[in-house]
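Heads up: the structure comes next, in structure tokens.
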Amino acid sequence: MDLAAKQGILEKARRLGVKFVRLQFTDIMGVLKNIAIPIEQLEKTLDGELMFDGSSIHGFARIEESDMYLRPDPGTFVIFPWRPRDGAVARLICDVYNPDGTPFAGCPRNCLRRVLEEARAMGFSMQAGPEMEFFLFHVDADGKPLLETHDKAGYFDLSPVDKGENARREMVMALEEMGFEVETSHHEVAPGQHEIDFKHSNALDVADKIVTFKFVVRTLAQRHGLHATFMPKPVFGINGSGMHMNQSLFRGEENAFFDPNQPEGLSQTALYYISGLLKHARTMTAITNSTVNSYKRLVPGYEAPVYVAWAEGNRSSLIRIPQKRGLSTRVELRNPDPACNPYLALAANLAAGLDGIKNKIDPPPRFPINIYHITDADRVERGITSLPGSLEEAVKEMQTDPVIRKALGEHIYEKFIEAKMAEWDDYRIQISPWEIERYLVNY
Amino acid sequence: MAKQERIILADPDIHGRTNVKAMLSRADFLVIGEAEDGITALKMIRDRQPDLVLADTALPGLNGFELAGIVHDDHLAPVIVMSNLFGRDLPARLREVRASGFLEKPVEITSLLSVVEVALTHYEEVMELERQVAKLKDELETRKVVERAKGVLMSSLGLSEAEAFRRIQKQSMNRRLSMRAVAEAIILAHNV
């Protein structure tokens, strides 16, 4: 790390009275891990000399190759805003490296960096902006989350305000203190569901912000006696939580998706990128929708996309092109959910889009009407496919796509499939309450 | 009528609560809420904004120390911790979460009332000091910014110090902005 950045961090940590630093990174499943170090160790850590045992992290390494090194990214240094009593706590997001100094292939952040580098070689940088949805649920007296979003009668009768609103306000304040530019924050369609959107930024920064976001929201919910969940579909019959991913490519300071000379204002690059996303939509769903539960959100009727199509304003399609042009020209991919690993999801999206650009694939005709409302036969005739219906189908689809495989890299690709098939098998043999209700009496 | 301080009681033991509540009521305090677990207590405290919280260490869900820590961090109220155990590590834990006092159970009226009084007075003083510090910091920052803006006006428009100050003051009144906002705008415009 360059000396100035290192000195800057050490100085800031000293001035703000930091006592502990949390070194954060994510595993392949997108779960945030952290190692806390006392401030005395910070200098050594900034030199990339902090070793940890990688074999204990899911999907990382085997026992015999377990030594890993963390290299903190100096741009990610922030102080946690919840008021400290004994000295502040800061965090640094890290890349994981092998003992020989090469980037570790199982580190999702390295994976995204690699695909971003590929885009850079083509002259592009990627901007992304997520829309984060989540539910706030109550917890019982022992702190166990309940599926209840409303207070029990008499409990909070003095207050007319939804408990979630207060908690959300504090979340937004904390995020802003940590350098997020929150654009909107509002109650969502379903009871207890909230959405917070923050300003778009370069893809790596956005992936870092997504993992930070989830951590901040969960922590602050807990401090309000609530439970925040990013599970894609926690309650049957109401909308699930998505993480729509707005994305665009830039060439220097110019938005490469914008072309004022085209009637729609969309450049050829944008159209190729859209084609790439559509072409690989089915094969990257396992990454963007990575849990068994994700597929219970991707059903018709709840504002979640099901069919592989694109349109200007139509929200039933997989890809929507928001009205804004100029620097804000972008495509909105609507299937990702907040349980996915954002580094891998952005890497897969970008690789798919770049594939469209490289191979100059023309997009299918856009689809302006609500696809939920046309017949299956009509859909087949127009060549509109559906997203995979289950995690199993999605993983099998992914295995047919060399582009996605290359984007993930061999290590992550294999570990991901192994873990997800195990997850599916575990789910497959369970007997759900629905089955009991349906069959126990009738058969 | 004198101000009645509003208190929330968090204790899983109903006898303990009844006992303490009776003593507090007789001493003219208002018990505005009772909780049997830490999470309910936390939500109640955020909701009803009491002047004081009494919390047993053995609360389920979120124990009395954890509750006291969060309530202190978020400046919600002073918390007096109660327990029927006095372990070796207790003083350190009380200090760690910045508890406003400790009561051994069963709670006796003399210690209850004195600990409550001291906690309320002390907390009020600390809050007042914090308000003053925040105000002074803000004033100091405003003064620094206004000084710099005056410097900008004096060098760029050739004004005297008094004239420069008057300019900023007048803009502040005309535009209904704080002096600080006007000064910041002047500095920003100068740097562009």
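As they're listed, the protein sequences go chains A and B.
In terms of our numbering, the first sequence is residues 221 to 663.
In terms of our numbering, the second sequence is residues 106 to 297.
Beta carbons are placed, not taken as given, at the ideal position from N, Cα and C, and that holds for glycine.
Taking 7 Å as the CB threshold, A/V298 stays off the interface with chain B. Listed in chain order, the non-local C-beta contacts of A/Y492 below 7 Å within the same chain comprise G576, I577, K580 and I581, local neighbours out to five positions each way being set aside. When C-beta atoms of the region 505-516 of chain A are compared with those of the region 635-651 of chain A, three or more pairs fall below 8 Å, so the two segments count as touching. Scanning chain A for C-beta atoms nearer than 7 Å to the C-beta of B/P165 yields A361 and D362, reported in chain order. Sorting A/F636, A/L356 and A/V409 by C-alpha distance to the C-alpha of A/M391 places A/L356 at the top. Contact of B/K242 with chain A is not assigned, every C-beta pair being separated by 7 Å or more. By the neighbour-count criterion, in which a residue is buried when 16 or more other Cβ atoms sit within 10 angstroms of its Cβ, A/M504 is buried. Note: B/E139 is bridge-paired with B/L114 in the DSSP secondary-structure output. Of the residues assessed, A/D557 falls on the buried side of the cut-off, its CB having 16 or more other CB atoms within 10 angstroms. The C-beta of A/I541 has 16 or more other C-beta atoms within 10 Å across all chains shown, which makes the residue buried. Among the residues facing chain A, B/K148 is included, as its CB has a counterpart in that chain under 7 Å away.
When the alpha-carbon of A/G295 is set against those of A/S286, A/A310, A/A361 and A/P301, the nearest one is in A/A310. Residue state for A/I656 is assigned as helix, using DSSP reduced to three classes.
Nearest C-alpha to A/G496 among A/L243, A/S405, A/G460 and A/I624: A/I624. For A/L547, the CB contacts under 8 Å within the same chain, skipping 5 residues up- and downstream, are N475 and F478 in chain order.
Using beta-carbon distances, B/D142 counts as an interface residue toward chain A, with a partner under 7 Å. Residue-level contact check: B/I113 does not touch chain A, since none of the beta carbons of chain A fall below 7 Å from its beta carbon.
For A/I541, no pairing in a beta bridge is given by DSSP. Counting only runs of 4+ residues, the alpha helix (DSSP H) found wholly inside the region 253-328 of chain A occupies 262-266, in chain order. Chain-order list of chain A residues neighbouring B/T145: A361, by C-beta distance under 7 Å. The straight-line gap separating the alpha-carbon atoms of A/L366 and A/V455 is approximately 11 Å. In terms of beta-carbon proximity, A/R242 stays away from the interface with chain B, with every pair separated by 7 Å or more.
Its Cα nearest to that of A/A627, the residue A/L566 stands out among A/I604, A/L566 and A/E657. Taking C-beta atoms under 8 Å as the contact rule, A/L395 and A/F433 qualify, at a distance of about 7 Å. Unbroken beta strand (DSSP E) runs of no fewer than 3 residues, entirely contained in the region 423-455 of chain A, are found at 446-449, following chain order. Against chain A, a Cβ distance below 8 Å from B/I175 picks out R443. By a beta-carbon distance limit of 8 Å, B/V212 contacts B/V125. Their separation comes to about 5 Å. Between the beta-carbon of A/V551 and that of A/S606 there is about 20 Å, and that puts the pair past the 8 Å contact cut. At a Cβ-Cβ threshold of 7 Å, B/G166 and B/D142 count as neighbours. When the five nearest sequence neighbours on each side are left out, the beta carbons in the same chain lying within less than 7 Å of the beta carbon of A/T404 are those of D417, in order along the chain. Non-local beta-carbon contacts of A/H406 in its own chain, meaning distances under 7 Å to residues more than five positions away in sequence, involve E415 in chain order.
Following the DSSP letters along the chain, one finds A/K616 inside the alpha helix (DSSP H) bounded by residues L611 to M618. Taking a contact as a CB-CB distance under 8 Å, the pair B/D116 and B/D161 counts as one, their CB atoms being some 4 Å apart. Cα atoms of A/E612 and A/A441: separation of roughly 33 Å, rounded to the nearest angstrom.
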